[in-house]
Amino acid sequence: MNNITTLSIFFSISLSILFSRSFELVICHGILVVVLVIIFRNHWQEFVIKSKPLWIYFPQVGLLFFIISLIVSSKNTYDVFIDVSLATCRMILLVSMMTLYSILSKNSDIIIAIRGLWYKMGRSWKWAEDLILFIDITIRFFPSFQQQWQRIERTRKSLGINVSEDKLHKIRRFATMVPDIVILNLRRVNDLTLAMKLRGYGYLYPRTVHPFISSYSIDKLILLFVIIGLLGLHSFDEI
14 MNNITTLSIF
24 FSISLSILFS
34 RSFELVICHG
44 ILVVVLVIIF
54 RNHWQEFVIK
64 SKPLWIYFPQ
74 VGLLFFIISL
84 IVSSKNTYDV
94 FIDVSLATCR
104 MILLVSMMTL
114 YSILSKNSDI
124 IIAIRGLWYK
134 MGRSWKWAED
144 LILFIDITIR
154 FFPSFQQQWQ
164 RIERTRKSLG
174 INVSEDKLHK
184 IRRFATMVPD
194 IVILNLRRVN
204 DLTLAMKLRG
214 YGYLYPRTVH
224 PFISSYSIDK
234 LILLFVIIGL
244 LGLHSFDEI
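Following my numbering, the numbering of the sequence shown begins with 14 at its first residue and continues without gaps.
Here it is in structure tokens:
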């Protein structure tokens, strides 16, 4: 399936979860999320590891919000409980959907799919080409940014600098290192830009893309079926 189609399907379901205003709709979306998790059960362990902290966090936030609402709101306890429970369930399902998508899409390149779609449209808009290229380079350099930070942490441990710090001190220490890391990455970007210019990249529009990810008719039919199904579900709930 095309990466753009996959993103559109998960985004549509997430948006539908966000606009669910009844427990019946939330339960239907919950069943849908469970079905998707079962379909992609090969990633179950990774899914649990990434989602579990948020499954614990949102109920705690919901409980805190419930207590505050009881104090400041004029609603009765039952209405506040229903509203908070509904919001908490929506957030848990929403995070679960996005977590599952991040796991499934980690080996695919959505930017390549977008570039392929743009090339197929045949538009010679330089600003759009540059924007896609900027996003692509940003995504490629972000893992490098993380690796540099992890390398610094390993160096500190190898030198015996293993002082126990709370999160606030770690944030402050990281903030002092950010300018140096950014400058190093800017130099790498300059080298990359020079190499691209020497190869003649960027003089013809639209730029070609490899590999070209095709979009088949079945992708459009699946996306259309999902959107119609979600709209029908919301329409049925309003009856």
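The C-beta atom is built at its ideal place from N, Cα and C for all residues, glycine as well.
Exercise for the section: Answer yes if the stretch 142-155 comes into contact with the stretch 42-54, meaning at least three C-beta pairs across the two stretches below 8 Å, and no otherwise. Expected result: no
Handout entry: DSSP-derived helix/strand/coil call for Gly135
Key = Sequence index remark: in the sequence shown, residue 135 carries index 122 (1-based). Correct three-state label for Gly135: coil.
Handout entry: Cutoff 6 Å; reference Phe71; Cβ partners in own chain excluding five residues on either side
Key = As a first step, residue 71 is located in the sequence shown; it is residue number 58 there, counting from the start. Around Phe71: Thr101, Met104, Ile105.
Exercise for the section: Return helix, strand or coil for Phe36, following the three-state DSSP convention. Expected result: The residue labelled residue 36 in the question sits at position 23 within the sequence shown. DSSP places Phe36 in helix when its eight states are reduced to three.
Handout entry: Beta-carbon spacing of Leu38, Leu205 below 8 Å
Key = Within the sequence shown, numbered from 1, the residue matching residue 38 stands at position 25. Within the sequence shown, numbered from 1, the residue matching residue 205 stands at position 192. No, Cβ-Cβ distance for Leu38 and Leu205 is not below 8 Å.
Exercise for the section: Report buried or exposed for Leu236, applying the criterion of at least 16 other Cβ atoms within 10 angstroms of its Cβ. Expected result: Translated into positions along the sequence shown, residue 236 becomes position 223. Per the 10 Å Cβ criterion, buried.
Problem - Backbone CA spacing between Phe29 and Leu197 [nearest angstrom] - result: What you label residue 29 is simply residue 16 of the sequence shown in a count that begins at 1. What you label residue 197 is simply residue 184 of the sequence shown in a count that begins at 1. Reading off the sequence shown, one finds Ser at residue 29, where the question assumed Phe. Their backbone Cα atoms lie some 42 Å apart in a straight line.
Exercise for the section: Would you identify the three-state DSSP class for Leu199, choosing helix, strand or coil? Expected result: As a first step, residue 199 is located in the sequence shown; it is residue number 186 there, counting from the start. Leu199: helix per DSSP, three-state reduction.
Handout entry: C-beta contact flag for Asn89 and Asp232 at 8 Å
Key = Position 76 of the sequence shown, counted from the start, is the residue given in the question as residue 89. Position 219 of the sequence shown, counted from the start, is the residue given in the question as residue 232. No, these two residues do not count as a Cβ contact at 8 Å.
Exercise for the section: Identify, in the order they occur along the chain, each residue of the same chain with its Cβ nearer than 6 Å to the Cβ of Leu67, setting aside the five sequence neighbours on each side. Expected result: By one-based count along the sequence shown, residue 67 stands at place 54. Closer than 6 Å at Cβ, skipping near neighbours: Val108.
Problem - Asn16, DSSP secondary structure in three states - result: Position 3 of the sequence shown, counted from the first residue, corresponds to residue 16. Residue state, collapsed to three classes: helix.
Handout entry: Nearest to Phe94 (by Cα), restricted to the options Phe36, Ser248, Ile241, Ile165
Key = Against the sequence shown, residue 94 aligns to sequence position 81. Minimum Cα distance to Phe94 is reached at Phe36.
Handout entry: Nonlocal neighbours in the same chain, by C-beta distance under 8 Å from Leu117, ignoring five residues either side
Key = Locating residue 117 in the sequence shown gives position 104, where the first residue counts as 1. Excluding sequence neighbours, Leu117 sits near Thr19, Phe53, His56.
Practice task
Given a cut-off of 8 Å, decide if Ile17 and Ile145 are closer than it, judged by their beta-carbon atoms.
Solution key: Residue mapping note: residue 145 aligns to position 132 of the sequence shown, counting from 1. Residue mapping note: residue 17 aligns to position 4 of the sequence shown, counting from 1. Contact flag unset, no.
Exercise for the section: For the alpha helix (DSSP H) containing Asp92, list its first residue and its last residue. Expected result: Counting from one through the sequence shown, the residue named residue 92 turns up at place 79. Its alpha helix (DSSP H) spans residues 90-117.
Exercise for the section: Could you round the C-beta distance between Ser25 and Leu243 to whole angstroms and report it? I think they count as a contact, below 8 Å. Expected result: What you label residue 25 is simply residue 12 of the sequence shown in a count that begins at 1. What you label residue 243 is simply residue 230 of the sequence shown in a count that begins at 1. Indeed they touch by this definition, with Cβ atoms about 6 Å apart.
Practice task
Report all residues from its chain with a CB closer than 8 Å to the CB of Pro192; omit the five preceding and five following residues, and keep chain order.
Solution key: Looking up residue 192 in the sequence shown gives position 179. Hits under 8 Å: none found.
Handout entry: Burial state of Glu142, where buried means 16 or more other Cβ atoms lie within 10 Å
Key = On the sequence shown, position 129 is the one that residue 142 refers to. So Glu142 counts as buried.
Problem - Three-way DSSP call (helix, strand, coil) for Phe53 in this model - result: Within the sequence shown, numbered from 1, the residue matching residue 53 stands at position 40. Looking at Phe53 - three-state DSSP - the assignment turns out to be coil, as it is neither helix nor strand.
Exercise for the section: Quick one: grab the DSSP three-state call for Tyr229. Expected result: The sequence position of residue 229 within the sequence shown is 216, counting from 1. Coil at Tyr229, not helix or strand.
Handout entry: Sub-8 Å separation of Ile22 and Val195 beta-carbons
Key = Taking the first residue of the sequence shown as 1, we reach residue 22 at position 9. Taking the first residue of the sequence shown as 1, we reach residue 195 at position 182. Contact: no.
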